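**Q** Chains as they are written, first to last, in the numbering used here: chain A, 1 to 297; chain B, 1 to 287; chain C, 1 to 253.
Built from N, CA and C at the ideal position, the CB exists for glycine as well.
A quick note: this is a predicted structure, and the numbers were derived from the prediction, not measured.
My structure is below; once you've seen it, I'll send some questions.
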Amino acid sequence: MDRRSRQRITEGCIKGILFICASLSILTTIGIIGILIFETVEFFREVSFFEFLTDPQWTPLFVDKHFGIMSLVCGTALVAFIAMLVAIPLGLLSAVYLSEYASARFREVVKPLLEILAGVPTVVYGYFALLFVTPLLQVLIPGLAGFNALAPGIVMGIMILPMVSSLSEDAMYAVPMDLKEGAYALGATRFQVAVKVVIPAALSGIMSSFVLAVSRAIGETMIVTIASGQQPRLTLNPLVPIETITAYIVQVSLGDTPSGTLEYRTIFAAGMTLFVFTLALNLMSHWLKERFREEYR
Amino acid sequence: MTKGPLSRNKLIDRVFKITALVATVVGLVFLSVLIIDILIDGLGRVSWSFLTSFPSRRPERAGILSAIVGTLWVMGLTALFSFPLGVCAGIYLEEYAKKGVLTKLVEINIANLAGVPSIIYGLLGLGIFVRTLALERSVISGALTLTLLILPIIITTTRESLKAIPFSIREASYALGATLWQTILRQVLPVAMPGILTGTILALSRAIGETAPLIAIGALTYIAFLPESVFDPFTVLPIQTFNWVSRPQKGFATNAAAAIIVLLLLTLIMNSIAIYLRHRFQRRIKW
Amino acid sequence: MVDEGVFSILKLNAWYGKKHVLKEVDMTIRANHVTALIGPSGCGKSTFIRCLNRMNDLIPDFRLTGEITHEGMDIYSPEADPIEIRRRIGMVFQKPNPFPKSIYNNIAYGLRIFGVKDKKRLDKAVEESLKKAALWEEVKENLHQNALTLSGGQQQRLCIARAIAVNPEVILFDEPCSALDPIATAKIEDLIAKLKKDYTVVIVTHNMQQAARVSDFTGFFMLGDLAEFDVTEKIFTTPANKLTEDYITGRFG
């Protein structure tokens, strides 16, 4: 019995250790939110919230300082929008192709190859956007600046494509066979089945993948840092240099900004803005996915 | 019934099929162009002296020694931290935690953490490891930051591998009077291990390409010495690449392409190991 | 028939969630005899046998009331330790479930987790258990081969050997032959008949011939009730309960 009680203590200790490891994930979240809130609150002691939201300029590193996050948000949104213009149609079409048309062999070969796209380090995409895609586009669009929102947007779209494609395909795959068979029995073509039956039935799952893709796009850092410039501006013109939230954080981090200064805190205020957006999108995506699961249980 | 609408439908179907196929292939074409472009730009630069030289002001004399060594240091430590932490957390959540509101919350939390942009992890690392714990811009700060970044992936992969182990194995062990931990350690974990390792390597191969969080914690972009302890400053391959890409001279762009080739090779090797492990795992175990 | 049993079960009720799966079951299980539990699927016989070594503890939502005493100790009392109980009361499952390890390590596992490290003692235990399970002759040359390469029948005998190795007092069999062919089944049945010399055996089966062949006592479960419990011969020749008669003559189930 002595052996057993020793064993029990061991088991208890192990459980405790495992619990501590598991709670690390909660601590990470608390850490992220805590750090962001702490520095952001300090930031807003010096800059009014109103100015932060309405000032059209973001120039914390200049002598004439302005703290209007909107120009960074605008740049972020612009690049993300271009990325979505690429990723959503291509992702959806390839999802339809892979789930409704392709042979099993084709899927087996192509899916892992597409996954490689998602595994390429983003700094590589940045290189490609700046030194290959932009020069190529400049041939087609003479007014395109060397740094712009268009090229990184397109490259980012391709990077996100496998995620959209594979999550949408999962959703389409989960649509019950009898729904499809019903349509096929009426003489529908695959196209009709895909567009009239499968996509509507899988819609919340597909939307969930879109929302997640947007979240990925606005959080992406290196492509835009390398290829879209460092000029925050309130514009929807994809041909000129802009700056995203993420690129701004990198820009400051590369410099020698001492901690505790207002400049230092701007990256946390920017980070907080980014975090709030991505969190909202992630939760929305999660909610859509749950809804989709509910429908086909 | 007329032939009209039916053949028109068929035509639409064909056109759509081809469009969809093209859309599927676009990504692959893009990937091929990217790889070819980088090989053309950089392959000529990859040489022994490139691998064994420190960075330099003169592009043709610069190399990636400090970046490679830095990457190995950071990745080694990241693996050392993230693997046990992630596996233990996964075991707790899958085997010990009672299914309830709290566990559900932890699950949502982990899913959300996986979706937090990596640069935010950089800010976390900057605030906690670099400033609060005063570990400075060191290898260990970098490794701890990347550990937190990939932990959600390792936890999820561990849970999925554990979930895949048939209940009958656990039952057999309990029926012999084994405790929960004995059952996990001696029966469940060995069988789940190839799956866990595969996921961990994939997570690490993601970490190896991470640039933004390490820049945020202040990893240096130009470094002409090797770290001698975990408290030394460092640089890594992606940061070195980034540094070269952002310089105007053509020679540095070539260096960047060459560094990318090395980086992609490292990622490729890690992924191949993961795929090999998964393959072996699938073949060996049949229930 | 009161006391004198290895197990005495009093007013046992069990639930999965809201589903009442065992109702007011009373039973006494005698040492060194084979007790068979029969009944249509879903009657509660498997639930019942899994109560005897607290295997149901592993199922969330499971709940029971009543009393099960083993050798005079209430196995559901707060002081009772399920780990100790399972060590003394072994179990063999429906589907053979060897560990994906060597034959030797399958059998040595139970002893190792109990802290036995001595190689000689392990060797001896492995050999003895395999002999008792009538598997030794077939595998003695390949003890380090993976257990999953054995045939279904061999795997099940390995599971029996594994249960024997920790030297339990009782062995519970939960439909041990349902995944096996007739020849393998015959071997297991022979084995069970021999095992009662050393162990108390409880077996759940949906094969009535099997119950008749191997057991001394038989309990007939019906919708969670123990409809009848008696000497096997009596159950199969002159059952007291009409339901039992209908079942064993094949009118339902």
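I need the straight-line Cα distance from I106(B) to I26(A), nearest angstrom please.
**A** First, the residue type needs correcting, since residue 106(B) is Val and not Ile in the sequence shown. The alpha-carbon atoms of V106(B) and I26(A) are separated by roughly 7 Å.
**Q** Within 8 Å (strictly less), CB to CB, does P176(C) reach chain B?
**A** Chain B contact via Cβ: absent.
**Q** Could you check whether T254(B) and D41(B) sit closer than 8 Å to each other, using their CB atoms as the reference points?
**A** In contact: D41(B) and T254(B) (Cβ atoms closer than 8 Å).
**Q** What three-state label does DSSP hand F16(B) in the structure shown?
**A** In the structure shown, F16(B) sits in a helix (DSSP, three-state: H, G or I).
**Q** Which chain B residues are close to V224(A), counting only those with a beta carbon under 7 Å from its beta carbon?
**A** Neighbours of V224(A) on chain B: none; closest Cβ ~10 Å, over 7 Å.
**Q** Beta-carbon separation of I154(A) and V133(A) under 8 Å?
**A** Taking 8 Å as the Cβ cut-off, I154(A) and V133(A) qualify as a contacting pair.
**Q** Report the residue from M272(A), W287(A), A194(A) and T29(A) whose alpha carbon sits nearest the alpha carbon of N109(B).
**A** Minimum Cα distance to N109(B) is reached at T29(A).
**Q** In this structure, what does DSSP give as the bridge partners for A36(C)?
**A** According to DSSP, which records beta bridges pairwise, A36(C) is partnered with I203(C) and T218(C).
**Q** Are G75(A) and Q57(A) touching if we call contact CB-CB under 8 Å?
**A** Not closer than 8 Å, so no.
**Q** What are the boundary residues of the beta strand (DSSP E) that Y109(C) is part of?
**A** Here Y109(C) belongs to no beta strand (DSSP E); instead the alpha helix (DSSP H) covers I103 to R112.
**Q** Report yes or no: do the stretch 192 to 204 of chain A and the stretch 257 to 277 of chain A share at least 3 C-beta pairs separated by less than 8 Å?
**A** Segments in contact, no.
**Q** Considering only the beta carbon of each residue, do L288(A) and M177(A) sit closer than 8 Å?
**A** It is not a contact, given that the beta carbons lie outside the stated cut-off.
**Q** Taking the DSSP output, what are the residues bridged to E228(C)?
**A** DSSP output for E228(C) lists F220(C) as bridge partner(s).
**Q** Return the residue from the list P182(C), I29(C), K131(C) and S41(C) that minimises the CA-CA distance to L158(C).
**A** Considering only alpha carbons, the answer is K131(C).
**Q** Is the CB of D230(C) under 8 Å away from at least one CB in chain A?
**A** Taking Cβ atoms only, chain A never reaches closer than 8 Å to D230(C), which makes this a no.
**Q** If we ignore side chains and look at the alpha-carbon of each, how far apart do M1(B) and S7(B) end up?
**A** Its pLDDT being 46, under 50, M1(B) is placed unreliably by the model, and nothing is read from it.
**Q** Write down every uninterrupted run of the alpha helix (DSSP H) in the stretch 231 to 255 of chain A whose length is 4 residues or greater and which is fully enclosed by it, in chain order.
**A** List check, alpha helix (DSSP H) in window: 245 to 254.
**Q** Tell me which residues of the stretch 164 to 181 of chain B have at least one Cβ-Cβ distance to chain C shorter than 7 Å, keeping chain order.
**A** Answer in chain order: S168, I169, E171, A172, Y174, A175, L176, G177, A178 and T179.
**Q** By Cβ distance, which residues of its chain are closer than 6 Å to S204(A), with the 5 residues on each side in sequence left out?
**A** Excluding sequence neighbours, S204(A) sits near L288, R291 and F292.
**Q** Applying the 10 Å Cβ sphere with the 16-neighbour rule, what's the burial state of Q209(C)?
**A** The residue is exposed, with fewer than 16 neighbouring Cβ atoms inside 10 Å.
**Q** Against chain B, with Cβ distances strictly below 8 Å, would E11(A) count as a contact?
**A** Yes, E11(A) counts as interfacial toward chain B.
**Q** I'd like to know if R4(A) contacts chain C, where contact means its C-beta is closer than 8 Å to some C-beta of that chain.
**A** At least one chain C Cβ lies under 8 Å of R4(A).
**Q** Between I235(C), L243(C), E71(C) and I103(C), which has its C-alpha nearest A165(C)'s C-alpha?
**A** Out of I235(C), L243(C), E71(C) and I103(C), I103(C) has the C-alpha closest to the C-alpha of A165(C).
**Q** Which chain A residues sit within Cβ distance under 7 Å of S246(B)?
**A** Here the neighbours are I226.
**Q** Given that F93(C) touches chain B, what residues does it touch there, using C-beta distances under 9 Å?
**A** Here the neighbours are S168, E171, A172 and A175.
**Q** Any idea which residues DSSP pairs D174(C) with across the strands?
**A** For D174(C), which the question treats as bridged, DSSP gives the partners V204(C).
**Q** In whole angstroms, what is the alpha-carbon distance linking A217(A) and K17(B)?
**A** In a straight line, the C-alpha of A217(A) is about 28 Å away from that of K17(B).
**Q** Return yes when the Cβ of M73(C) is within less than 8 Å of the Cβ of F229(C), no when it is not.
**A** Their beta carbons are not under 8 Å apart, which means F229(C) does not touch M73(C) by this criterion.
**Q** Checking contacts by CB at 8 Å: is V106(B) closer than that to chain C?
**A** Cβ-Cβ to chain C under 8 Å: no for V106(B).
**Q** Please state the DSSP three-state secondary structure of H144(C).
**A** Here H144(C) sits in coil by DSSP.
**Q** Report the three-state DSSP secondary structure of N13(C) (helix, strand or coil).
**A** It is a strand residue.
**Q** Short of 9 Å Cβ to Cβ, which residues in the stretch 109 to 129 of chain B face chain A?
**A** For the stretch 109 to 129 of chain B, which is checked against every Cβ of chain A, the residues closer than 9 Å are N109, I110, A111, N112, L113, A114, G115, V116, P117, S118, I119, I120, Y121, G122, L123, L124, L126, G127 and I128.
**Q** Between the C-alpha atoms of E245(C) and R213(C), what's the straight-line distance to the nearest angstrom?
**A** Whole-angstrom Cα-Cα distance: 17 Å.
**Q** Between K286(B) and chain A, is there a C-beta pair that is closer than 8 Å?
**A** Any reading at K286(B) must be qualified, since the residue scores a pLDDT of 48, below 50, and its modelled position is unreliable; no value is offered.
**Q** Specify, as a first and last residue, the run of the alpha helix (DSSP H) that K242(C) falls within.
**A** K242(C) -> alpha helix (DSSP H) spans K242 to I248.
**Q** With a threshold of 7 Å on Cβ separation, who are the neighbours of T65(C) within its own chain once the five nearest residues in sequence on each side are excluded?
**A** The residues are N13.
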